[in-house]
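In this note's numbering, the protein residues as written are 16 to 160. Cβ atoms here follow ideal geometry from the backbone N, Cα and C, with glycine treated the same way. Just so it is clear, the structure is predicted and the values come from calculations on it, not from any experiment. Comments concern the structure below.
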């Protein structure tokens, strides 16, 4: 019996408490995650491992989130990247979008952890079981016609 592939997420976040909280929430949702405390460590891990999604803070020591994002796009151009930060200047988010991000979630005091988990799951599992059944039924009907 073949098991379902477990998704793998890299959390690049210098606030360890935040990173650990997100990692545990992902684990409860069946998603494996690793933590890198800064951009340099994150890039090292990206070079050595395949991740399905990268959760990236913008304000970190050593390398900024924007610098890390540019390098990620050189190394793994198609990996999903979601920005998770307190930093929310529209012009900066627009610049990041031009580099290539797949989402943005604010992690401020009013942030909702479930919103972040839902956004990650939406990227990793774009179709629910009901969606897949409907697609398969449509394909079956098309074949019969």
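**Asked** Just how far apart, CA to CA, sit residue 86 and residue 109?
**Response** The straight-line gap from Cα to Cα measures roughly 18 Å.
**Item:** Whole-number beta carbon distance between residue 91 and residue 61, since they are thought to touch under 8 Å
**Value:** The beta-carbon separation of residue 61 and residue 91, rounded to 6 Å, stays under the 8 Å limit for a contact.
**Message:** Given this structure, state the Cα-to-Cα distance separating residue 53 from residue 44, to the nearest angstrom.
**Reply:** Each residue's Cα considered, the two are about 25 Å apart.
**Start-to-end residues for the alpha helix (DSSP H) that takes in residue 57** = Segment 54 to 63, the alpha helix (DSSP H) holding residue 57.
**Asked** Hey, residue 33 and residue 73: beta-carbon distance below 8 Å or not?
**Response** Taking 8 Å as the Cβ cut-off, residue 33 and residue 73 do not qualify as a contacting pair.
**Message:** For residue 132 and residue 41, which I take to be in contact (beta-carbon distance under 8 Å), what is that distance rounded to the nearest angstrom?
**Reply:** With a Cβ gap of about 7 Å, residue 132 and residue 41 count as contacting.
**Message:** At the 8 Å Cβ level, is residue 45 part of the contact set with chain B, yes or no?
**Reply:** Reference to chain B is not applicable here, since this structure consists of a single protein chain.
**Prompt:** Thinking just about the alpha-carbon of each residue, which of 37, 64, 63 is nearest to the one in residue 71?
**Reply:** Cα-wise, what sits closest to residue 71 is 37.
**Option nearest residue 47 by Cα separation, candidates 22, 75, 69** = Checked all of 22, 75, 69; the closest Cα to residue 47 is 22.
**Request:** May I ask which residues mark the beginning and end of the beta strand (DSSP E) holding residue 39?
**Result:** Taken as a continuous stretch (DSSP letters only), residue 39 belongs to no beta strand (DSSP E), being part of the alpha helix (DSSP H) at 31 to 43.
**DSSP three-state assignment for residue 78, whether helix, strand or coil** = Coil at residue 78, not helix or strand.
**Asked** What are the partner residues of residue 95, as DSSP defines its beta bridges?
**Response** According to DSSP, residue 95 bridges with 68.
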